[in-house]
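*Asks:* Residue numbers (the numbering used here), protein chains in the order written: chain A, 240 to 393; chain B, 240 to 393.
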DNA sequence: CTGTAAAGTTAAGCATGCTTAACTAAAAGG
DNA sequence: CCTTTTAGTTAAGCATGCTTAACTTTACAG
């Protein structure tokens with residue numbers, strides 16, 4: 240009971256602190272690449288979840304098909320994304336990162352990860368070990384949760 | 240050495256998973272309140288760091304004074320923020336959340352925190368305890384880091 | 001007291017993201 | 001086949017966020 244409360248408070252505190260820091264970092268990096276946040280988010284999704292269709296862009300970002308089409312257009316024009324016909328359904332398109340796109344996402348990640356080094360520097364080895372274990376637990380739980388949700392959808 | 244590597248990997252994995260989930264949640268909530276992301280971010284900052292001036296908006300969001308003025312305008316017009324003269328410097332303005340603004344931020348937090356409950360439900364008490372401790376460590380480290388950075392700036 | 005710097009505001013103009021509406025082309029169902 | 005759905009695009013129009021430039025008011029330094 241009290242453990243759950245403590246758990247919730249810890250996670251919330253961390254979320255608050257983390258979001259502040261991370262969001263602005265994201266945005267600055269995207270801007271420095273000449274990309275808007277929505278555009279960059281699509282690249283991120285492609286990197287994490289692999290190729291997908293326009294329809295999925297529409298669903299994941301909760302925008303109209305028209306908006307999705309226009310967003311992706313810019314990414315294609317700038318050479319970050321490939322838009323190819325789906326061999327199984329000639330109406331559909333499959334989106335994929337180009338090498339240029341993949342490289343950009345990875346550089347973005349690198350930069351954002353920088354501040355981790357700052358944190359790392361001020362923790363003892365013992366603390367780092369504890370944090371590693373804990374975040375592993377959390378990450379697994381979230382992924383399990385997401386899978387479950389995806390299954391429910393289908 | 241190997242501990243540090245493990246630490247970095249854990250944090251990165253968690254960041255990736257967490258960001259995906261959290262960002263879109265944010266945006267949807269803001270939209271449901273009729274607020275844009277930049278507008279909502281200002282409310283968040285006011286909630287977390289207390290009252291501040293237009294200049295600080297400019298600095299924190301890296302936008303021009305003009306843009307800051309216009310953004311805050313809308314928040315004031317919608318009754319989320321108070322813009323009062325700074326008693327110590329009649330040129331400056333002090334921004335503050337109204338009750339309505341404070342309420343909105345808190346409701347937003349509540350909603351976003353919901354998915355924590357989902358995670359909580361699938362962890363053992365022992366795991367929750369570990370996570371609590373670890374996130375406490377992390378949060379402290381980040382806050383210390385930010386304070387240091389603020390001091391360097393000044 | 002006077003000139004300069006600092007804090008904010010306002011207006012004009014541009015880029016972006018988004019929407020609706022009208023369209024093309026391919027799939028699916030009868 | 002022929003109709004209806006589904007996937008996607010294009011165009012017109014609106015809201016937003018942002019910038020630069022011109023301005024007001026207050027603080028501060030000589």
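Heads up, the beta-carbon is just placed ideally off N, CA and C, and yes, glycines get one too.
Source: prediction; values computed, not measured.
For residue 284 of chain A and residue 299 of chain A, which I take to be in contact (beta-carbon distance under 8 Å), what is that distance rounded to the nearest angstrom?
*Replies:* Residue numbering aside, residue 284 of chain A sits at position 45 when the first chain is read from its first letter. Residue numbering aside, residue 299 of chain A sits at position 60 when the first chain is read from its first letter. Indeed, because the Cβ distance is near 6 Å, the residues count as touching under 8 Å.
*Asks:* Under 8 Å Cβ-Cβ, which residues of chain A neighbour residue 261 of chain B?
*Replies:* Working through the second chain from its first residue, we reach residue 261 of chain B at position 22. Simply 254 and 258.
*Asks:* Would you mind listing the beta strand (DSSP E) stretches within the segment 291-361 of chain B that are 3+ residues and don't spill past its ends, in chain order?
*Replies:* Counting only runs of 3 or more, we get 320-325 and 328-336.
*Asks:* In whole angstroms, what separates the C-alpha of residue 270 of chain B from that of residue 355 of chain A?
*Replies:* One-based indexing of the second chain puts residue 270 of chain B at position 31. One-based indexing of the first chain puts residue 355 of chain A at position 116. Taking the straight line joining both Cα atoms gives about 31 Å.
*Asks:* Count Cβ pairs between the segment 321-335 of chain B and the segment 335-348 of chain A that sit closer than 8 Å; are there 3 or more?
*Replies:* They do not touch, by the three-pair rule.
*Asks:* Quick one: any contact between the segment 279-294 of chain B and the segment 380-390 of chain A, if contact means 3 or more CB pairs under 8 Å?
*Replies:* The segment 279-294 of chain B is not in contact with the segment 380-390 of chain A.
*Asks:* For residue 353 of chain A and residue 312 of chain A, what's the separation of their Cα atoms in angstroms?
*Replies:* The residue given as residue 353 of chain A occupies position 114 in the first chain. The residue given as residue 312 of chain A occupies position 73 in the first chain. Going from the Cα of residue 353 of chain A to the Cα of residue 312 of chain A covers about 31 Å.
*Asks:* Report, in whole angstroms, the separation of the C-beta atoms of residue 367 of chain A and residue 243 of chain B, which I expect to be a contact under 8 Å.
*Replies:* Taking the first residue of the first chain as position 1, residue 367 of chain A is located at position 128. Taking the first residue of the second chain as position 1, residue 243 of chain B is located at position 4. Indeed they touch by this definition, with Cβ atoms about 6 Å apart.
*Asks:* Please report the residue range of the alpha helix (DSSP H) in which residue 280 of chain B lies.
*Replies:* Here residue 280 of chain B corresponds to residue number 41 of the second chain, with the count starting at 1. Segment 276-288, the alpha helix (DSSP H) holding residue 280 of chain B.
*Asks:* At the 8 Å Cβ level, is residue 278 of chain A part of the contact set with chain B, yes or no?
*Replies:* As a first step, residue 278 of chain A is located in the first chain; it is residue number 39 there, counting from the start. No, residue 278 of chain A does not count as interfacial toward chain B.
*Asks:* Taking 6 Å as the limit between beta carbons, can you name the residues of its chain near residue 335 of chain B, skipping five residues before and five after?
*Replies:* Taking the second chain and counting its residues from 1, one reaches residue 335 of chain B at position 96. The answer, listed in chain order, is 290 and 321.
*Asks:* Report the rounded CA-to-CA distance for residue 305 of chain A versus residue 365 of chain B, giving the unit in angstroms.
*Replies:* As a working note, residue 305 of chain A is residue 66 in the first chain. As a working note, residue 365 of chain B is residue 126 in the second chain. Approximately 49 Å between the Cα atoms of the pair.
*Asks:* For residue 303 of chain A, return the contacting residues in chain B, with the cut-off set at a CB-CB distance below 9 Å.
*Replies:* As a working note, residue 303 of chain A is residue 64 in the first chain. Within chain B, no residue comes near residue 303 of chain A; the closest Cβ sits about 14 Å away, beyond 9 Å.
*Asks:* Going by the CB atoms, is the gap between residue 261 of chain B and residue 254 of chain A shorter than 8 Å?
*Replies:* Translated into the one-based positions of the first chain, residue 254 of chain A becomes position 15. Translated into the one-based positions of the second chain, residue 261 of chain B becomes position 22. Yes, the Cβ-Cβ distance between residue 254 of chain A and residue 261 of chain B is below 8 Å.
*Asks:* Look at residue 377 of chain A and residue 376 of chain B and say whether their C-beta atoms are less than 8 Å apart.
*Replies:* For the purposes of this step, residue 377 of chain A is taken as the residue at position 138 of the first chain. For the purposes of this step, residue 376 of chain B is taken as the residue at position 137 of the second chain. In this structure, residue 376 of chain B does not lie closer than 8 Å to residue 377 of chain A by Cβ.
*Asks:* Who are the Cβ neighbours of residue 276 of chain A in its own chain at under 8 Å, not counting the five residues just before and after it?
*Replies:* Translated into the one-based positions of the first chain, residue 276 of chain A becomes position 37. Result list for residue 276 of chain A: 265, 266 and 269, in chain order.
*Asks:* Closer than 9 Å by beta-carbon distance: list the chain A residues that pair up with residue 355 of chain B, in chain order.
*Replies:* The sequence position of residue 355 of chain B within the second chain is 116, counting from 1. What residue 355 of chain B touches in chain A: 246, 247, 250, 251 and 254.
*Asks:* Quick check: is the beta carbon of residue 382 of chain A nearer than 8 Å to any beta carbon in chain B?
*Replies:* Counted from its first residue, the first chain places residue 382 of chain A at position 143. Yes, contact with chain B.
*Asks:* Just mark residue 294 of chain A as buried or exposed, buried being the case when its beta carbon has 16 or more other beta carbons within 10 Å.
*Replies:* Stepping through the first chain from its first residue, residue 294 of chain A is reached at position 55. When all chains shown are included, residue 294 of chain A counts as exposed.
*Asks:* Just to check my reading of the structure: residue 319 of chain A and residue 339 of chain A have Cβ atoms closer than 8 Å, yes? What is that Cβ distance to the nearest angstrom?
*Replies:* Position 80 of the first chain, counting from 1, holds the residue named residue 319 of chain A. Position 100 of the first chain, counting from 1, holds the residue named residue 339 of chain A. Indeed, because the Cβ distance is near 6 Å, the residues count as touching under 8 Å.
*Asks:* Ordered along the chain, which non-local residues of its own chain (more than five positions away) have a Cβ less than 7 Å from that of residue 343 of chain A?
*Replies:* Residue mapping note: residue 343 of chain A aligns to position 104 of the first chain, counting from 1. Same-chain partners within the cutoff: 272, 282 and 319.
*Asks:* Assign residue 360 of chain B to buried or exposed, taking buried as 16 or more other Cβ atoms, counted over all protein chains shown, within 10 Å of its Cβ.
*Replies:* Counting from 1 along the second chain, the entry for residue 360 of chain B is found at position 121. Exposed, by the Cβ-count rule.
*Asks:* Taking all protein chains shown into account, do 16 or more other C-beta atoms lie within 10 angstroms of the C-beta of residue 363 of chain B, making it buried, or fewer, making it exposed?
*Replies:* For the purposes of this step, residue 363 of chain B is taken as the residue at position 124 of the second chain. Under this definition residue 363 of chain B is an exposed residue.
*Asks:* Just verifying my parser: in three-state terms, what is the DSSP assignment at residue 273 of chain A?
*Replies:* Start at 1 with the first residue of the first chain, and residue 273 of chain A comes out as number 34. Residue 273 of chain A falls in the coil class under three-state DSSP.
*Asks:* At a CB-CB cut-off below 8 Å, which residues of chain B make contact with residue 361 of chain A?
*Replies:* Numbered from its first residue, the first chain carries residue 361 of chain A at position 122. Within 8 Å Cβ-Cβ: 380, 383 and 384.
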